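Engineer:
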Amino acid sequence: MQVEEELAAIALRLSELEKEKVALLSRRNELQRAAQSPTSMQLTPNQKAELFRGLFRGRQDVYAVRWESSSNGRSGYAVACANEWVQGICQKPRIKCGECPHKKFKPLDFSAVYDHLSGKHVAGLYPLLPDSSCYLLAVDFDKEDWRADVRALAQACRDECVPYLVEISRSGAGAHLWVFFSDAVPAWSARALGFKLLDKAMERHPGLSFDSYDRLFPNQDTMPDGGFGNLIALPLQHEARSRGC
Numbered sequence: 001m002q003v004e005e006e007l008a009a010i011a012l013r014l015s016e017l018e019k020e021k022v023a024l025l026s027r028r029n030e031l032q033r034a035a036q037s038p039t040s041m042q043l044t045p046n047q048k049a050e051l052f053r054g055l056f057r058g059r060q061d062v063y064a065v066r067w068e069s070s071s072n073g074r075s076g077y078a079v080a081c082a083n084e085w086v087q088g089i090c091q092k093p094r095i096k097c098g099e100c101p102h103k104k105f106k107p108l109d110f111s112a113v114y115d116h117l118s119g120k121h122v123a124g125l126y127p128l129l130p131d132s133s134c135y136l137l138a139v140d141f142d143k144e145d146w147r148a149d150v151r152a153l154a155q156a157c158r159d160e161c162v163p164y165l166v167e168i169s170r171s172g173a174g175a176h177l178w179v180f181f182s183d184a185v186p187a188w189s190a191r192a193l194g195f196k197l198l199d200k201a202m203e204r205h206p207g208l209s210f211d212s213y214d215r216l217f218p219n220q221d222t223m224p225d226g227g228f229g230n231l232i233a234l235p236l237q238h239e240a241r242s243r244g245c
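Under UniProt numbering, the first residue of the sequence shown carries the number 1, and numbering increases by one thereafter.
Here is the structure:
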């Protein structure tokens with residue numbers, strides 16, 4: 001009888017230890033995840049916005065805002081201007097914003113970025129600086145096979161020791177792969193890096209067509225006359241984040 005009681009006690013203790021082990025492993029995983037992403041736990045919303053500004057750098061004197069027509073569903077981006085549609089001042093669409101004598105472009109300051117992240121508007125960044133340099137490179141993918149193509153390019157980045165981030169596009173039907181530079185570099189040089197990485201990805205994955213590749217940002221080597229270069233939608237906008245983009 002004593003042996004049976006001892007065996008039962010051992011079985012009970014083993015069961016308790018197994019439950020304790022599961023709980024400890026779960027807690028360890030939580031702590032490991034927290035250690036790997038301290039930013040989300042330690043930074044305030046303002047600090048996160050400043051961190052965002054430090055990564056996604058482009059022109060600071062001008063940015064674009066997304067618009068959408070409630071009548072026909074059309075959408076696009078327009079330069080953010082303090083005089084937009086002001087009667088007697090704004091002359092859109094007869095005159096281009098860049099040529100308007102009354103233009104008063106809004107800067108891409110902390111408030112503009114914070115409003116983007118909090119969902120008040122969708123901001124577009126002009127990555128090409130006036131001197132034809134840039135702080136970042138973005139590779140744009142869309143169409144059906146974008147996931148495989150992005151994975152291949154990400155592998156090429158790792159092979160070449162190029163740090164990168166991948167963001168699902170606002171539409172959810174594509175992605176941007178971002179590369180950031182600590183200092184401004186000539187746009188042609190950044191674009192050359194992008195083409196090199198794409199070539200490496202194609203060499204490593206000859207079975208992929210890369211039809212989903214659309215273009216690079218900056219889209220130009222030099223600043224076009226009378227313009228700002230192509231814009232790219234800033235990531236992590238509140239509405240897009242809520243949809244997993």
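Where is the CB? At the ideal position from N, CA and C, for every residue including glycine. Bear in mind the structure is a predicted one, so any value in this text is a computation, not a measurement.
With Ser189 as the anchor, note down where its alpha helix (DSSP H) starts and where it stops.
Structural biologist: Ala187 to Arg204 is the extent of the alpha helix (DSSP H) around Ser189.
Engineer: Quick check on DSSP: helix, strand or coil for Phe210?
Structural biologist: Phe210: coil per DSSP, three-state reduction.
Engineer: Using the Cβ count rule (16 or more neighbours within 10 Å means buried), how would you classify Gly124?
Structural biologist: Buried, since its Cβ has 16 or more Cβ neighbours within 10 Å.
Engineer: Do Lys103 and Ala80 count as a contact pair if the criterion is CB distance below 7 Å?
Structural biologist: No, these two residues do not count as a Cβ contact at 7 Å.
Engineer: What's the C-alpha gap between Glu30 and Arg74?
Structural biologist: Distance between the alpha carbons of Glu30 and Arg74: 44 Å.
Engineer: Decide if Leu117 is buried, meaning its Cβ has at least 16 other Cβ atoms within 10 Å, or exposed.
Structural biologist: So Leu117 ends up on the buried side.
Engineer: Below 6 Å CB to CB, which residues in the same chain sit around Leu108 once its five sequence neighbours on both sides are set aside?
Structural biologist: Gln60 and Tyr63, listed in sequence order.
Engineer: Suppose you measure from the CA of Ala78 to the CA of Asp115; what does that come to, to the nearest Å?
Structural biologist: Using only the alpha carbons, I get a separation of about 16 Å.
Engineer: Straight-line CA distance for Ser70 to Pro163?
Structural biologist: Between Ser70 and Pro163, the C-alpha separation is close to 40 Å.
Engineer: Alpha carbon to alpha carbon, how far is Leu128 from Lys196?
Structural biologist: Spanning the two alpha carbons is a distance of roughly 20 Å.
Engineer: What do you reckon, are the CB atoms on Asp214 and Asp142 nearer than 7 Å?
Structural biologist: In this structure, Asp142 lies closer than 7 Å to Asp214 by Cβ.
Engineer: Looking at the secondary structure, which residues open and close the alpha helix (DSSP H) in which Cys134 lies?
Structural biologist: Careful: Cys134 lies outside any alpha helix (DSSP H), inside the beta strand (DSSP E) at Ser133 to Phe141.
Engineer: Please report the straight-line C-alpha distance between Asp149 and Leu208, rounded to a whole angstrom.
Structural biologist: Looking at the two C-alpha atoms, the distance is approximately 7 Å.
Engineer: Would Ser133 pass as a contact of Ala184 if the rule is Cβ separation under 7 Å?
Structural biologist: Yes. Within cutoff.
Engineer: Measure the C-alpha to C-alpha separation of Ala233 and Arg28 and round it to an integer number of angstroms.
Structural biologist: Cα to Cα, Ala233 sits roughly 38 Å from Arg28.
Engineer: Identify whether Glu99 lies in helix, strand or coil by the three-state DSSP scheme.
Structural biologist: In the structure shown, Glu99 sits in a helix (DSSP, three-state: H, G or I).
Engineer: Which residue's Cα is closest to the Cα of Leu177: Gln47, Ala152 and His121?
Structural biologist: Nearest option by C-alpha distance: Ala152.
Engineer: Are there 16 or more other CB atoms within 10 angstroms of the CB of Gly119, so buried, or fewer, so exposed?
Structural biologist: Looking at its Cβ environment, which holds fewer than 16 other Cβ atoms inside 10 Å, Gly119 is exposed.
Engineer: Who pairs with Ser75 in a beta bridge, going by DSSP?
Structural biologist: Note: Ser75 sits in a beta bridge opposite Glu68.
Engineer: Within 10 angstroms of its Cβ, does Leu25 collect 16 or more other Cβ (buried), or is it exposed?
Structural biologist: When all chains shown are included, Leu25 counts as exposed.
Engineer: If you measure between the beta carbons of Ala187 and Pro218, is that distance less than 7 Å?
Structural biologist: Their beta carbons are under 7 Å apart, which means Ala187 touches Pro218 by this criterion.
Engineer: By a C-beta neighbour count over all protein chains shown, 10 Å radius and 16 as the cutoff for buried, is Asp131 buried or exposed?
Structural biologist: Exposed.
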